[in-house]
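Notes for the one structure printed next.
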Amino acid sequence: MARFNYKLQNILDIKNKMEEQKKISYSEASREYSIQEEKVFGLHEKRNQYENRFKSSVNVSMRATELKTFYSEIECIKDFCKKEEKKLKQSENKLEDARIKMNEAMIERKTYEKLKEKSFENFILEENKKESKSLDELISYKYSKPQQ
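Quick look at the structure:
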């Protein structure tokens, strides 16, 4: 039986490598998103702590300058939270783009794998036809020979 040789094997190998690269970039984007999400969560916690300290210090007599400082610190943290939330949204968009590209690479690879399977099935059918034909020729030769 002849050896099966897929004509598009090089392309399939490239598609596999591309898919692996897309998976790696997706995992990196996912990791970046998680880190950014933790930063935003930490900043919200810090802001809540500052606000609670501000509320408790309002009940105690404080100077106006101290209250103003507290308030400006809270506003600064809020601004920083907004900036970090924008970064979180950007990393979420990158994550979504990486997911889409990874899925596209998977679809392309699967398409070439299906083509390979179909090609192999056709190869098997052709080999079976060749084998059947050679057996038929052998049998017809054997029976067409004059009996002695």
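Quick note, my numbering runs 5 ahead of the 1-based positions in the sequence shown.
We put the CB at the ideal spot given by N, CA and C, even for glycine.
Small disclaimer: the values here were computed from a predicted structure and weren't measured.
Asked, Found
"Using 10 angstroms around the beta-carbon of residue 38, count the other beta-carbons present and answer buried if the total reaches 16, otherwise exposed.", "buried"
"Determine the burial state of residue 96: buried for a count of at least 16 other Cβ atoms within 10 Å of its Cβ, exposed for fewer.", "buried"
"So, at 7 Å on beta carbons, what are the nonlocal neighbours of residue 55 in its own chain, with the 5 sequence-adjacent residues on each side left out?", "78, 79, 82"
"Around the C-beta of residue 45, are 16 or more other C-beta atoms found within 10 angstroms, so that it is buried, or is it exposed?", "buried"
"Whose C-beta lies closer than 7 Å to the C-beta of residue 4 among residues of the same chain, with five residues either side of it excluded?", "The chain is shown from 6 up to 153; residue 4 falls before or after that span and cannot be answered."
"What residue from 146, 144, 103, 138 has the CA that sits closest to residue 33's CA?", "103"
"What are the start and end residues of the alpha helix (DSSP H) that includes residue 76?", "69-149"
"Going by the beta-carbon positions, is the gap between residue 87 and residue 31 smaller than 9 Å?", "no"
"Report, in whole angstroms, the separation of the C-beta atoms of residue 118 and residue 7, which I expect to be a contact under 8 Å.", "Going by Cβ atoms, the distance from residue 118 to residue 7 rounds to 22 Å, so no, they are not a contact pair."
"Three-state secondary structure (DSSP) at residue 13?", "coil"
"Among the residues of its own chain, which have a CB less than 7 Å from the CB of residue 18, if the five just before and after it don't count?", "none"
"Taking residue 61 as the reference, give the member of 49, 75, 122, 70 with the closest Cα.", "75"
"Taking C-beta to C-beta, are residue 23 and residue 142 nearer than 9 Å?", "no"
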